[in-house]
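Colleague: Heads up, the sequence shown is in full-length UniProt numbering, so the first residue is 1 and it goes up one at a time.
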Amino acid sequence: MRPEQRTPIARYRHSLWLLTQRDLRVRYSTSVLGYFWSILDPLVMAGIYWFVFTQVFDKNVGTDPYIVFLLAALLPWMWFNGAVSDCTRAFLREAKLIRSTRIPRTIWVNRLVLSKGIEFLASIPVLVLFAILFGAELGVEAFFFPLAIVIQAMLTAGVGLLVAPLVVFFRDLERAVKLILRFLFYASPIIYSTTDLPPELHFWAAFNPLNGIFSLYRAAFFPEQLDWFAVTISAVMSLAFLGLGLLVFRRSERAVLKEI
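#1: Using the C-alpha atoms, what's the distance from residue 127 back to residue 259?
#2: Using the Cβ count rule (16 or more neighbours within 10 Å means buried), how would you classify residue 71?
#3: Taking its Cβ as the centre, do 16 or more other Cβ atoms sit within 10 Å of residue 135, making it buried, or is it exposed?
#4: So, do the region 164-172 and the region 221-238 have three or more beta carbon pairs nearer to each other than 8 Å?
#5: Is the beta carbon of residue 233 closer than 9 Å to that of residue 212?
#6: Excluding the 5 residues flanking residue 104 on each side, which residues of the same chain have their C-beta closer than 7 Å to its C-beta?
#7: Of all the options 178, 227, 252, 24, which has the alpha carbon lying nearest to the alpha carbon of residue 193?
#8: Near residue 244, what residues of its chain come up, given a Cβ to Cβ distance below 8 Å and the 5 sequence neighbours on each side ignored?
#9: How about residue 119 and residue 82: do their beta carbons lie closer than 9 Å?
#10: Could you tell me the distance, in whole angstroms, from the CA atom of residue 206 to the CA atom of residue 229?
#11: Report the CB separation of residue 131 from residue 221 in whole angstroms; it is logged as a contact under 8 Å.
#12: Pull up the CB-CB distance for residue 107 and residue 15, whole angstroms please, since I reckon it's below 8 Å.
#13: Which residues in the same chain as residue 154 place their Cβ atom closer than 7 Å to its Cβ, once the five residues preceding and following it in sequence are excluded?
#14: Smallest Cα separation from residue 109: which of 100, 185, 94?
#15: Can you tell me which of 257, 124, 182 puts its alpha carbon nearest to the alpha carbon of residue 142?
#16: Quick one: Cα of residue 248 to Cα of residue 23, how far?
#17: Tell me the DSSP secondary structure of residue 232 in three-state form.
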């Protein structure tokens, strides 16, 4: 089918996929290790935290096997962190191309969410490998994995659509986002579980949208980690961020094009 014969949605999906492919090819075209770089960072981080909490200190957080517990949240965190960080320069990096094309501008954010999401999906075999090596059993809760991916995609896209245009007007926001992401890493149940927090914080911790998402991922190997209250809050907040992101993006799109 010719491009002019496609529906607007089909053209959008086609352009989104072409730009996502371009991102992935450019990222790994000059790399010898290629795909392995996408999993090396979380593996190194997981190895450091595993060593600190199991070999240096007497571990009193998380669940055994701890390395699987870590990776089940650390890998999706790398998707969220990488996509949001890249979205801070989504318009500034491709300014000339954005001005000279007529494709919907949301694609420049969604391509980053999709490319980082593909990297996350490519890292799942590593999680499965560690689960096999350390004897973590896969439960029926693994069927909730796609639900976690959908909720996280909505949250990441919403935050990206919110951040990308605002950075064009407030350049200091790029550094502020990095600080917020660093704080959010430790404020989210990645190296620990929500149950490790003081009881009075359990309710408030559910309002971190990443909390319910990570509980869905971890439930595949640790069913006791599944918290449907946190999952519901995560789904509602992700939809709210997506709606707010689209609203801010559409209202600021013309001003962004003039600014860049």
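From the three backbone atoms N, C-alpha and C, an ideal C-beta is built for every residue, glycine too. Quick caveat, the model's predicted, so the values are computed rather than measured.
Modeller: In this structure, then:
#1: 43 Å
#2: buried
#3: exposed
#4: no
#5: yes
#6: 12
#7: Nearest C-alpha to residue 193: 227.
#8: 158, 162
#9: yes
#10: Note on geometry: alpha-carbon atoms of residue 206 and residue 229 lie some 7 Å from one another.
#11: With a Cβ gap of about 6 Å, residue 131 and residue 221 count as contacting.
#12: 6 Å
#13: The residues 238, 239, 242, in chain order, have a CB closer than 7 Å to that of residue 154 in the same chain once the five nearest residues on each side in sequence are set aside.
#14: From the listed residues 100, 185, 94, the smallest Cα separation to residue 109 is found for 94.
#15: 124
#16: Distance from the CA of residue 248 to the CA of residue 23, rounded to the nearest whole angstrom, comes to 25 Å.
#17: helix
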